[in-house]
Every structure is written in structure tokens, then in C-alpha cells.
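**Student:**
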Amino acid sequence: MNTISKILVPYDYSTSADKALDYAVQFVADEKININLIHVSNNADNDKMRDTYESLSKKYENKLKIPMTWSLGWDGPVTDVIMEAQEEKKSDLIIMGTSGWSLNKDVSLTSKLVKESKYPILVVPEDTKKQEIKNISLVLGKNEIDKPTALKTLLSISQKFNAKVHVLTIQNEPGTFGYTESDEKNENTLMYYLENFYSEHTFIENPDIVEGIFSYVNEHDIDMIAILPRNHTKKAIPSDGLLTKELVLKATVPVLTIE
Numbered sequence: 001m002n003t004i005s006k007i008l009v010p011y012d013y014s015t016s017a018d019k020a021l022d023y024a025v026q027f028v029a030d031e032k033i034n035i036n037l038i039h040v041s042n043n044a045d046n047d048k049m050r051d052t053y054e055s056l057s058k059k060y061e062n063k064l065k066i067p068m069t070w071s072l073g074w075d076g077p078v079t080d081v082i083m084e085a086q087e088e089k090k091s092d093l094i095i096m097g098t099s100g101w102s103l104n105k106d107v108s109l110t111s112k113l114v115k116e117s118k119y120p121i122l123v124v125p126e127d128t129k130k131q132e133i134k135n136i137s138l139v140l141g142k143n144e145i146d147k148p149t150a151l152k153t154l155l156s157i158s159q160k161f162n163a164k165v166h167v168l169t170i171q172n173e174p175g176t177f178g179y180t181e182s183d184e185k186n187e188n189t190l191m192y193y194l195e196n197f198y199s200e201h202t203f204i205e206n207p208d209i210v211e212g213i214f215s216y217v218n219e220h221d222i223d224m225i226a227i228l229p230r231n232h233t234k235k236a237i238p239s240d241g242l243l244t245k246e247l248v249l250k251a252t253v254p255v256l257t258i259e
């Protein structure tokens, strides 16, 4: 994907959903990008959703070049319906909100969707204060990048906002950093796919990977975390997604998962 032209925003009337929608509008800025709201419920209230949609459309009409659209989804697990809607509408990106660990339902939905989806998802924390995207931290493990073309999504966002990508690898045990065959292959891949938006690759030793990531984010004024989940990897043993889950539910800046 070289450009983002369609964004899907799951909407359930919550504060976190409002935050995600507001972020999506800011993300679109003045470009011709369609935002489609999807409300998933087994007891969907068409009139309520229509009234909400009309109110939101009026609120954002002066900020969008293409009017928002909306749809209702039902008959199935929420995550399945959202992923089906993404495929049907050919959305390039899903932007969804989360209130972190505070609500069990929210935790389950967010982590389940991120774990199961094979498409880019941008998770926006309800309490995030970040709007500008100038510095992105791409969290990379020690293994070779499984699907380099997934970086095109990150490149598209970097181009759109003229943002620098700071690659970060946290080593949770002593060792040599940056000199393995996988490291060299990754370096070439990053330079090729991220072009001049690739800033540098930092290796940090920290026994707590999540704490190491968040410390780096705070110290370097990072506006977005990007991660390549290894849930569906073919070059190594697939992970169980625990790192991704912790990042999307504990981060105070938006987290982009790309596959």
C-alpha cells in the first residue's frame, strides 16, 4: 500500500471511540481520504446511529474533503465483523480507540482485533495528547523482518507527515548488538523501504522490554509507536502477541501494528 485513501473507524459511542474518530479526522487533514464509521451490535439501533452519524458529520464537515460514511454490522463476533468490513470496503487502515486496561471489554476487543487482523491497525489511547506525527519509533526484534512490504504502510504515513522513523531494538539479555546477519539484512530492508525517512537504529539493553520501549518513547518525544507483530510469521515461530498486547493497551501514544 503506497497511499491511504480509506480509513475504517469502529464506533460504539464511547469516549475512546470519539477520541479515535477525532484522531482520524486530524490524520486525514485536508486530503481526500474517506472515513467510514462502523457500529457493530446484535441489537443495532438504526435511528440512534443515524442521528449520531448526522451529528458527527456536521461536526467535522468543514475539516473533511470527503464526507464521512457509516455502516452497521451484526451477526457475529465484533472482531470478525470489523475485519470483514475492512475487506469489503477495502480500507487501507483501521483506526480504533482504547481506554487501556480500565475496561475488560475494551481490553478484550482491542487485543483480539490486533492479534487476529492481517491489516494495519492504529490504536489510539483515550488519554493520548499526541496529535502531530513527527517522530515514529519502529520497534524491531532480533529476527529478520518477515514481510518487508508491510513497511510500505509506515512509509506512507511518514511521507504524509514528513515524519522520521527511529528504529528501536531492546535486547533483554547481554549480547552483541547490530552485527548479526539478520541485523544487516534488516538494515538494508529499512533503508530500501523507508527511504530518507529512516533516521537511525538504536539498540538498548533492558531486561524489561516494555519498560525499555516506553522509556525511549518518553525521552525522545516519540509521537507514534510502530510494531511488526509476529503472530503470522512464516520465517520463525509465530509469537503469542504478548508484547503487542502490552504496547497497545499501556502506551500513551498511538500504536501502529503493521503486517
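Under our numbering, the first residue of the sequence shown carries the number 1, and numbering increases by one thereafter.
Just so you know, even glycine gets a beta-carbon here, dropped at the ideal spot from N, CA and C.
#1: Evaluate I66 with the Cβ neighbour count: other Cβ atoms within 10 Å of its Cβ, from every protein chain shown; 16 or more gives buried, anything less gives exposed.
#2: Just how far apart, CA to CA, sit I38 and E173?
#3: Reducing DSSP to helix, strand and coil, say where G76 ends up.
#4: Measure the beta-carbon distance from V9 to M96 and round it to whole angstroms, keeping in mind my assumption that it falls under 8 Å.
#5: With DSSP run on the structure shown, which of helix, strand or coil describes I60?
#6: If you reduce the DSSP assignment to three classes, tell me which class S99 lands in.
#7: From the DSSP secondary-structure annotation, give me the bridge partner or partners of N186.
#8: Could you give the DSSP three-state label for N34: helix, strand or coil?
#9: Along the chain, where does the alpha helix (DSSP H) containing N135 start, and where does it finish?
#10: Grouping DSSP H, G and I as helix and E and B as strand, with all else coil, what is M49?
#11: Determine the contact status of V210 and K245, defining contact as a CB-CB distance below 8 Å.
#12: Using only CA atoms, which one of K6, V78, D30 lies nearest to E61?
#13: Alpha carbon to alpha carbon, what distance is there between E181 and F27?
#14: Can you give me the start and stop residues for the alpha helix (DSSP H) that E219 sits inside?
**Tutor:** According to the structure data:
#1: For this step, residue 66 is matched to residue 66 along the sequence shown. Around the beta carbon of I66, fewer than 16 other beta carbons lie within 10 angstroms, which makes this residue exposed.
#2: If you number the sequence shown from 1, residue 38 lands on position 38. If you number the sequence shown from 1, residue 173 lands on position 173. Using only the alpha carbons, I get a separation of about 43 Å.
#3: For the purposes of this step, residue 76 is taken as residue 76 along the sequence shown, with counting starting at 1. Looking at G76 - three-state DSSP - the assignment turns out to be coil, as it is neither helix nor strand.
#4: The residue you call residue 9 lines up with position 9 of the sequence shown. The residue you call residue 96 lines up with position 96 of the sequence shown. A Cβ-Cβ distance of about 7 Å is found for the pair V9 and M96, placing them in contact under the 8 Å criterion.
#5: The sequence position of residue 60 within the sequence shown is 60, counting from 1. The amino acid at residue 60 is misidentified as Ile; the sequence shows Tyr. Y60: helix per DSSP, three-state reduction.
#6: Working through the sequence shown from its first residue, we reach residue 99 at position 99. In this structure, S99 counts as coil in the three-state DSSP scheme.
#7: Numbered from 1 along the sequence shown, position 186 holds the residue referred to as residue 186. Partner(s): none; N186 has no beta bridge.
#8: To locate residue 34, count along the sequence shown from 1; it is residue 34. DSSP, reduced to helix, strand and coil, places N34 within a strand of the structure shown.
#9: Translated into the one-based positions of the sequence shown, residue 135 becomes position 135. Not the alpha helix (DSSP H): N135 falls in the beta strand (DSSP E), residues 135-139.
#10: Looking up residue 49 in the sequence shown gives position 49. M49: helix per DSSP, three-state reduction.
#11: For the purposes of this step, residue 210 is identified with residue 210 of the sequence shown, where counting begins at 1. For the purposes of this step, residue 245 is identified with residue 245 of the sequence shown, where counting begins at 1. Not in contact: V210 and K245 (Cβ atoms no closer than 8 Å).
#12: Counted from its first residue, the sequence shown places residue 61 at position 61. The candidate whose alpha carbon is nearest that of E61 is D30.
#13: Position 27 of the sequence shown holds residue 27. Position 181 of the sequence shown holds residue 181. Approximately 37 Å, taken between the alpha carbons.
#14: Counting from 1 along the sequence shown, the entry for residue 219 is found at position 219. Counting along the chain, the alpha helix (DSSP H) containing E219 begins and ends at 209-219.
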